[in-house]
Amino acid sequence: MVLIKRAYEQTGRQVVVLIDEYDAPLLDVVHEKENLGVLRNIMRNFYSPLKACDPYLKYVFLTGITKFSQLSIFSELNNIKNISMDEPYAAICGITEDEMLTQMKEDMEMLACEIEYFL
Numbered sequence: 275m276v277l278i279k280r281a282y283e284q285t286g287r288q289v290v291v292l293i294d295e296y297d298a299p300l301l302d303v304v305h306e307k308e309n310l311g312v313l314r315n316i317m318r319n320f321y322s323p324l325k326a327c328d329p330y331l332k333y334v335f336l337t338g339i340t341k342f343s344q345l346s347i348f349s350e351l352n353n354i355k356n357i358s359m360d361e362p363y364a365a366i367c368g369i370t371e372d373e374m375l376t377q378m379k380e381d382m383e384m385l386a387c388e389i390e391y392f393l
């Protein structure tokens, strides 16, 4: 994490860390019990130093499909906030209500008919 500290010292500005698909390595070996534990340790060792970099960080933005609270790789990072379902971030973290209503209208209408049918 020397890079984060050095970037902060040279610019005087806090650093933003973006990590896309943070959970992809784990998902690749999820059914390989012998490799899963080893990879969890590697990933924990990668992410844990971020805690010590807190004074130099503006924020860390992680994307993935696995809810991070279900993974033990973030056990030392106790200041993570999941914004996936927060309305102000819907446009960057998922889907807005307007997008859902316009892009999924036909699917929602079909589902509504099915639900009424099964009720």
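Note that the sequence shown covers residues 275 to 393 in our numbering.
Every residue, glycine too, gets a C-beta built ideally from N, C-alpha and C.
Remember, it's a predicted structure, so these values are computed and weren't measured experimentally.
Under a Cβ-count criterion, where at least 16 other Cβ atoms within 10 Å of its own Cβ denotes burial, should residue i be classed as buried or exposed?
{"i": "D302", "result": "exposed"}
{"i": "V312", "result": "exposed"}
{"i": "V276", "result": "exposed"}
{"i": "I278", "result": "buried"}
{"i": "I347", "result": "buried"}
From the DSSP output, which residues share a beta bridge with residue i?
{"i": "V291", "result": "V334"}
Whole angstroms is fine: what's the gap from residue i's alpha carbon to residue j's?
{"i": "A281", "j": "P323", "result": "16 Å"}
{"i": "C327", "j": "L385", "result": "47 Å"}
{"i": "E383", "j": "T370", "result": "18 Å"}
{"i": "Y321", "j": "I357", "result": "19 Å"}
{"i": "A298", "j": "I339", "result": "8 Å"}
{"i": "P329", "j": "E361", "result": "28 Å"}
{"i": "K379", "j": "E388", "result": "14 Å"}
{"i": "N319", "j": "I366", "result": "28 Å"}
{"i": "K341", "j": "I354", "result": "11 Å"}
{"i": "E306", "j": "Y296", "result": "18 Å"}
{"i": "Q377", "j": "E390", "result": "22 Å"}
{"i": "R314", "j": "E283", "result": "31 Å"}
Residues in the same chain with beta-carbon distance under 7 Å from residue i, minus the five sequence neighbours each way, listed in chain order, please.
{"i": "I316", "result": "none"}
{"i": "N309", "result": "V303"}
If you drop the 5 nearest sequence neighbours on each side, which residues of the same chain put their C-beta closer than 6 Å to that of residue i?
{"i": "K332", "result": "Q288, V290"}
{"i": "A364", "result": "T370"}
Cutting at 8 Å between CB atoms, please list the residues of its own chain near residue i, excluding the five before and the five after it.
{"i": "L351", "result": "Y321, S322, L324, K325"}
{"i": "G368", "result": "S358, M359"}
{"i": "G286", "result": "none"}
Under 8 Å by Cβ, that's how I've got residue i and residue j pegged, so tell me the actual separation to the nearest angstrom.
{"i": "T337", "j": "D381", "result": "Contact flag wrong, Cβ pair sits at about 24 Å."}
{"i": "F335", "j": "L292", "result": "5 Å"}
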